[in-house]
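K.L.:
All residue numbers for the sequence shown refer to this note's numbering, where the first residue is 34 and numbers rise by one.
Sharing a structure, written as structure tokens. Questions coming.
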Amino acid sequence: MNHEYPIDFGKYILTKRIAVGGMAEVFKAKLQGAKGFEKTLALKKILPEYSSDEEFLTMFIDEARISSSLAHPNIVQVFDFGEFGHQFYLAMEYIDGSNLKNLFFKNLRSGHQLKKETVYYIIQKMASALEYAHNVQLEDHDQMLHLVHRDVSPQNILISRLGEVKITDFGIAKAAIKLSQTQPGKIQGKYSYMSPEQALGKKIDHRSDIFSLGIIFYELLSNRKVYGSSDTVKRYKQATKAEIPRIGGILDQLPSQIDELITKMLSPKPEDRPQSCGEIVALLSEFLSSHSTDTIASQLGNLVGELFPPERSVSQNPGAQSHSDPSQTDPKGYFLQKKRKAKKTPSKKAPKKLTLLRHQNPWLRAGIGVLFVPLGSLIAWTILHQSPQTLPPAASVAKTEPSLEAPDPEPESSEHTQQPSNEEVDYSSMTMAQLSMELSKVQSELRNIEQITDAYLSIPKAKKVSAPKPPPSCPNDMVMIQASSFWFGSSPEDPDRMELVEFEAQEKTLPSFCIDPYEYPNKKGEHPKVGVSFEEASQLCTSHGKRLCKDTEWERACKASASENIEFPYAQQWEQNPCNTGGQLQEIVAAGDFESCKTRDGLFDMIGNVEEWTQGQGRLDLQNRVIKGGSLESPKYLSRCSALKESASNTRSNILGFRCCRNLR
Numbered sequence: 034m035n036h037e038y039p040i041d042f043g044k045y046i047l048t049k050r051i052a053v054g055g056m057a058e059v060f061k062a063k064l065q066g067a068k069g070f071e072k073t074l075a076l077k078k079i080l081p082e083y084s085s086d087e088e089f090l091t092m093f094i095d096e097a098r099i100s101s102s103l104a105h106p107n108i109v110q111v112f113d114f115g116e117f118g119h120q121f122y123l124a125m126e127y128i129d130g131s132n133l134k135n136l137f138f139k140n141l142r143s144g145h146q147l148k149k150e151t152v153y154y155i156i157q158k159m160a161s162a163l164e165y166a167h168n169v170q171l172e173d174h175d176q177m178l179h180l181v182h183r184d185v186s187p188q189n190i191l192i193s194r195l196g197e198v199k200i201t202d203f204g205i206a207k208a209a210i211k212l213s214q215t216q217p218g219k220i221q222g223k224y225s226y227m228s229p230e231q232a233l234g235k236k237i238d239h240r241s242d243i244f245s246l247g248i249i250f251y252e253l254l255s256n257r258k259v260y261g262s263s264d265t266v267k268r269y270k271q272a273t274k275a276e277i278p279r280i281g282g283i284l285d286q287l288p289s290q291i292d293e294l295i296t297k298m299l300s301p302k303p304e305d306r307p308q309s310c311g312e313i314v315a316l317l318s319e320f321l322s323s324h325s326t327d328t329i330a331s332q333l334g335n336l337v338g339e340l341f342p343p344e345r346s347v348s349q350n351p352g353a354q355s356h357s358d359p360s361q362t363d364p365k366g367y368f369l370q371k372k373r374k375a376k377k378t379p380s381k382k383a384p385k386k387l388t389l390l391r392h393q394n395p396w397l398r399a400g401i402g403v404l405f406v407p408l409g410s411l412i413a414w415t416i417l418h419q420s421p422q423t424l425p426p427a428a429s430v431a432k433t434e435p436s437l438e439a440p441d442p443e444p445e446s447s448e449h450t451q452q453p454s455n456e457e458v459d460y461s462s463m464t465m466a467q468l469s470m471e472l473s474k475v476q477s478e479l480r481n482i483e484q485i486t487d488a489y490l491s492i493p494k495a496k497k498v499s500a501p502k503p504p505p506s507c508p509n510d511m512v513m514i515q516a517s518s519f520w521f522g523s524s525p526e527d528p529d530r531m532e533l534v535e536f537e538a539q540e541k542t543l544p545s546f547c548i549d550p551y552e553y554p555n556k557k558g559e560h561p562k563v564g565v566s567f568e569e570a571s572q573l574c575t576s577h578g579k580r581l582c583k584d585t586e587w588e589r590a591c592k593a594s595a596s597e598n599i600e601f602p603y604a605q606q607w608e609q610n611p612c613n614t615g616g617q618l619q620e621i622v623a624a625g626d627f628e629s630c631k632t633r634d635g636l637f638d639m640i641g642n643v644e645e646w647t648q649g650q651g652r653l654d655l656q657n658r659v660i661k662g663g664s665l666e667s668p669k670y671l672s673r674c675s676a677l678k679e680s681a682s683n684t685r686s687n688i689l690g691f692r693c694c695r696n697l698r
């Protein structure tokens, strides 16, 4: 859904949406007070679909209260917590800059890397923040809270244009992890930075945060990912084992104390790690003692400014599109190809005389040749019997030849058109100059006729063609999905992505195919058939001359083409009520009852109501089959076109059905 800002949200004014995650969206906002007082801050709203989860809300509220009491220069300050319009929110300190992930990778792409002292500075500030949180004690509590962040990752470390380093999301990390435990397939935290005990679902403490910080330390210095496999399952297994080579074996110039520190931080066993972040702060402070931390902060802030310039408002020229570079608006070159083809078509009209000749029989060429023989003989005889002084200069003869490059303009009306004369010409009465000019004209006409004749003769003769066959089509009870490319899978940046099972986004091109508009039995007003295994669903489709849909076909039908690439069948953004999802009805409805749950091609219930078998093979187990679409119970993350589950082929469920596909015939 598109919004125009600013938007009033209680006592706050939302000026821009900064980001959206799996359970919250973040806005740049303003708080206005008396006498022109104004404060810029970040406002994080919990998404509506999670506002009804009582366990999540209870945990979120408890964490938010605690996080609002945290006061440390390297922790994003929480100013306010509340509810407006049935949406809970956190009002936080606004950091004008970038997160560490974007800063690090954009700097690498520009051909640079962070200086060692800059890395020490960032890690020291993070260790200081974590040491504070791990040991904080509130005024109304007798004991330390032993807060654990649980999601220490580059995405949650913010760097300002002043070189400030702050960690965020203390307020909702625990609630988010708890929520993920109720959502099968979602990884707790960002697994690339998880400790082995967290990856295995074991009990964790502050030493899990130390491990996560160690991975960040390692990556910033080595400029490489610790878990670098492109395969999601392999990376997850790497996280559970934590078999990481010593960084000292990669970087020759690394001080031995730093090598030893990082090795300890990345120990698979918590008891072998530093037992507090204070140890990390102490060692890094020694290495930074010979540097000015103010200078490091200033340089870091300047780097943020260089890589992420402040946004500027640029006026749009409505007519700019018509003058745009085709290579920018047409990356595949279709526009350029059309331009090239256009050049092959003559833009200038040929002289009228040639236009008339084009309509003559090509064998006219032979007749003119016969006529030309006596004419040439006559001219030759005349030349022999006249004085050479009567010949015109060569230049004047050349000027008499008509030019195809610059033809005479076509007359405006037929009355001014020169008609061919049938009168005989008396060559014997012509002077030598006149004969030469006439000969030049005839020679020029002959050249034109030769060109036209050659072109005519090169045209292949028409072949007898039988009546064309009707194009392949779909049965009346199916919908044709046109051949096109689309984005299969989900982006690694998608906060709802189920990393173990979903494919990383890749562009695929599929031929046209047919698909049922409704779940089997493909009849509007009838309830979908459920409780069937993969084999039974396949047999039922086959009995109708169809087959189960491939997972790629199913996703293409749900998402539309690559130019649209929508995430939900009805739109790009999640909406609560268009489909039978989220447990709102607690019952399966008849096909087509949710009229708004429809794709652009007219397919109903692609998400929600009942899950659907596909031919796709599982990733965790190749014997499994892919299930798409979610059900009446599915939350947002399972209701995306990219979302999937995998299950054994003999699985039966009262919320699992299918729909059929077919090739064009």
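Note that CB positions come from ideal geometry on N, CA and C, so glycine has one too.
Measuring CA to CA, which of L677, R240, T328 is closest to A160?
P.N.:
It is R240 whose Cα lies nearest to the Cα of A160.
K.L.:
Is it buried or exposed, Q231, if we count other Cβ atoms within 10 angstroms and call 16 or more buried?
P.N.:
So Q231 ends up on the buried side.
K.L.:
Would you kindly check if the distance between the Cβ of L294 and the Cβ of I313 is under 8 Å?
P.N.:
Cβ distance < 8 Å, so I313 and L294 count as in contact.
K.L.:
Look at the alpha carbon of D86 and the alpha carbon of N610, and state the distance between them as a whole number of angstroms.
P.N.:
Cα to Cα, the separation comes out at about 17 Å.
K.L.:
Give the straight-line distance between the Cα atoms of S545 and C507, rounded to the nearest whole angstrom.
P.N.:
Their Cα atoms are separated by approximately 10 Å.
K.L.:
Going straight from the alpha carbon of V181 to that of K134, what length do you get?
P.N.:
Going by the C-alpha atoms only, they are around 21 Å apart.
K.L.:
At the level of alpha carbons, what is the spacing between L655 and C591?
P.N.:
For L655 and C591, the distance between alpha carbons rounds to 24 Å.
K.L.:
Does DSSP put W587 in a helix, in a strand, or in coil?
P.N.:
Here W587 sits in helix by DSSP.
K.L.:
Would the stretch 241-252 and the stretch 507-521 be scored as touching if the rule is three or more Cβ pairs under 8 Å?
P.N.:
The stretch 241-252 is not in contact with the stretch 507-521.
K.L.:
Who does Q65 pair with in a DSSP beta bridge?
P.N.:
In DSSP, Q65 forms a bridge with E71.
K.L.:
Do E58 and K78 come within 8 Å of each other at the CB atom, strictly closer than that value?
P.N.:
Cβ atoms of K78 and E58: closer than 8 Å.
K.L.:
Is the beta carbon of L64 closer than 8 Å to that of K18?
P.N.:
Residue 18 is absent from the structure shown; the chain starts at 34 and stops at 698.
K.L.:
Can you tell which of G635, C310, E339 has its C-alpha closest to the C-alpha of D510?
P.N.:
The option with the nearest alpha carbon to D510 is G635.
K.L.:
What residues in its chain sit with their C-beta under 6 Å from that of K158, if we drop five residues either side in the sequence?
P.N.:
N107, V198, listed in sequence order.
K.L.:
Have a look at S245, D238, H560 and flag the residue whose alpha-carbon is nearest the alpha-carbon of D184.
P.N.:
Answer by Cα proximity: S245.
K.L.:
Is the beta carbon of K669 sitting closer than 8 Å to the one on E645?
P.N.:
No. Outside cutoff.
K.L.:
Ignore the nearest five residues each way along the sequence and tell me which others in I40's own chain have a CB closer than 6 Å to its CB.
P.N.:
Contacts found: L47.
K.L.:
Per DSSP, which residues does E620 bridge with? Please list them.
P.N.:
Partner(s): none; E620 has no beta bridge.
K.L.:
Over the uninterrupted beta strand (DSSP E) stretch that includes V314, give me the two end residues.
P.N.:
No beta strand (DSSP E) holds V314; the alpha helix (DSSP H) holding it covers 310-321.
K.L.:
Let me make sure I understand the geometry here. Which of K678, F627, R633 has the alpha-carbon closest to that of Q648?
P.N.:
Looking at the Cα atoms, K678 is the closest of the given residues.
K.L.:
Quick one: what does DSSP say D327 is sitting in, helix, strand or coil?
P.N.:
It is helical.
K.L.:
What first and last residue would you give for the alpha helix (DSSP H) that runs through F567?
P.N.:
Start and end: 567-576.
K.L.:
Going by DSSP in three states, R98 sits in which element: helix, strand or coil?
P.N.:
The answer is helix: DSSP assigns R98 an H, G or I state.
K.L.:
Which residue's Cα is closest to the Cα of S289: T542, L316, Q619, S102?
P.N.:
Measuring from the Cα of S289, the nearest candidate turns out to be L316.
K.L.:
Under 8 Å by Cβ, that's how I've got P602 and K631 pegged, so tell me the actual separation to the nearest angstrom.
P.N.:
That belief holds up - the Cβ atoms of P602 and K631 are roughly 7 Å apart, short of 8 Å.
K.L.:
Within the continuous alpha helix (DSSP H) that includes G247, where are the two ends?
P.N.:
Taken as a continuous stretch (DSSP letters only), the alpha helix (DSSP H) holding G247 covers 239-255.
K.L.:
On a CA-only basis, which of F341, Y165, P342 is nearest H105? Give me that one, please.
P.N.:
That would be Y165, whose Cα lies nearest to the Cα of H105.
K.L.:
Below 8 Å on the Cβ atoms is my contact criterion, and I expect E588 with G690 to pass it. Report the Cβ-Cβ distance as a whole number of Å.
P.N.:
With a Cβ gap of about 17 Å, E588 and G690 do not count as contacting.
K.L.:
Whole angstroms is fine: what's the gap from K61's alpha carbon to R685's?
P.N.:
Cα-Cα distance, rounded: 47 Å.
K.L.:
By the three-class DSSP mapping on this structure, what secondary structure does F137 have?
P.N.:
Three-state DSSP puts F137 in a helix.
K.L.:
Given F117, which residues of its chain have a CB within under 7 Å of its CB, disregarding the five upstream and five downstream residues?
P.N.:
Excluding sequence neighbours, F117 sits near F42, G43.
K.L.:
Is the stretch 615-634 touching the stretch 560-567, taking contact as three or more C-beta pairs under 8 Å?
P.N.:
Segments in contact, yes.
K.L.:
Tell me whether the beta-carbon of L163 lies closer than 8 Å to the beta-carbon of D242.
P.N.:
The answer is yes: Cβ separation under 8 Å.
K.L.:
Quick one, which of T326, E319, Q110 has its alpha-carbon nearest L123's?
P.N.:
Looking at the Cα atoms, Q110 is the closest of the given residues.
K.L.:
Have a look at A593 and C547 and give me their C-alpha separation to the nearest angstrom.
P.N.:
In a straight line, the C-alpha of A593 is about 14 Å away from that of C547.
K.L.:
Could you tell me which residues DSSP puts in a beta bridge with E645?
P.N.:
Answer is K661, G690.
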